[in-house]
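Residue numbers (the UniProt record's numbering): 1 to 143.
In structure tokens, the structure reads:
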């Protein structure tokens with residue numbers, strides 16, 4: 001499980017050093033793809049495979065599922081982190097997420113998310129109020 005918030009920097013070659021506490025879970029290989037709210041999702045290969053299998057179960061007649069799958073898979077980039085825990089973020093993904101030098105990398109349970117720091121700060125500020133006001137019944141049972 002990936003937890004916490006970190007602030008690594010993007011180097012001149014478009015690489016980011018993954019936070020040390022995330023490296024073990026990502027060492028076997030990762031898939032980076034477009035995420036919602038203009039962030040990037042970073043999945044361990046096994047989790048990406050599980051999600052892919054789930055998406056493949058959606059009916060071909062579902063326009064939403066087709067559209068989501070096309071973007072999700074067409075923008076995916078697989079890689080194995082180097083010995084320093086660095087991964088390269090392709091230019092098209094950096095552009096999508098508006099990434100510059102300052103990044104915010106968060107643990108989001110089964111995945112890691114990479115955000116442009118100002119975008120993350122704006123998202124968090126807007127979301128914390130709604131988070132504080134969530135009532136019982138708004139979340140899955142048991143939460």
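Ideal Cβ placement from N, Cα and C applies to all residues, glycine included. As the structure is a computational prediction, the values presented were derived from the model and not from experiment.
| Check | Outcome |
| --- | --- |
| For residue 107 and residue 113, I'd like the C-alpha separation in whole angstroms. | 7 Å |
| Does the distance from the CB of residue 24 to the CB of residue 44 come in under 8 Å? | no |
| Just tell me which of 125, 86, 75 and 135 has its CA closest to the CA of residue 11. | 86 |
| Tell me which same chain residues have a C-beta within less than 8 Å of the C-beta of residue 98, skipping the five on either side of it? | 38, 116 and 119 |
| Kindly indicate if chain B contains any beta-carbon less than 8 Å away from that of residue 16. | Given the protein chain composition of this structure (a single chain), no chain B is represented. |
| Skipping 5 residues on each side, what residues in its chain have a beta carbon closer than 8 Å to that of residue 103? | 7, 8, 9, 10, 16, 114, 115, 116 and 117 |
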